[in-house]
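Chemist: Pasting a structure below so you can have a look.
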Amino acid sequence: MWAIVVLNLGIHLIGLSQPLVDAQNWRQADTAAIARNFYEEGMNPLYPRIDWRGRTEGYVESEFPLFSWLVALFYKLSGGI
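Note that my numbering has the sequence shown beginning at 46, numbered continuously upward.
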């Protein structure tokens, strides 16, 4: 069992430090920005914020940001980004 876990980690960690280059890279970057903004600007999941906000507050309509909120919670619990 542990061999399968180690093999799986080895396969999925290849290229972890590489930039996002797939077809959904813009969405992944927005999700990461929403998580960081939860961490830096408040943990209210009803008001997700994006970085490209211009002169507005940056609130964005999207699916319920549970994943981004959980990532921001992990940031808080682990001491930062």
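We put the CB at the ideal spot given by N, CA and C, even for glycine.
1) Okay, do the stretch 83-98 and the stretch 51-58 touch, 3+ Cβ pairs below 8 Å being the bar?
2) Quick one: residues in its chain with C-beta nearer than 7 Å to the C-beta of Ser107, no 5 flanking neighbours on either side, listed in chain order?
3) Indicate whether Ala80 and Ser113 have their beta-carbon atoms separated by less than 8 Å.
4) For Trp71, which residues in the same chain have their Cβ closer than 7 Å to its Cβ, ignoring the five residues on either side in sequence?
5) Taking the Cβ atom as the reference point for each residue, do Ala78 and Ile95 lie within a distance shorter than 8 Å?
6) Is the beta carbon of Tyr84 closer than 8 Å to that of Ile56?
Modeler: Let me lay it out:
1) no
2) Pro93
3) yes
4) none
5) yes
6) no
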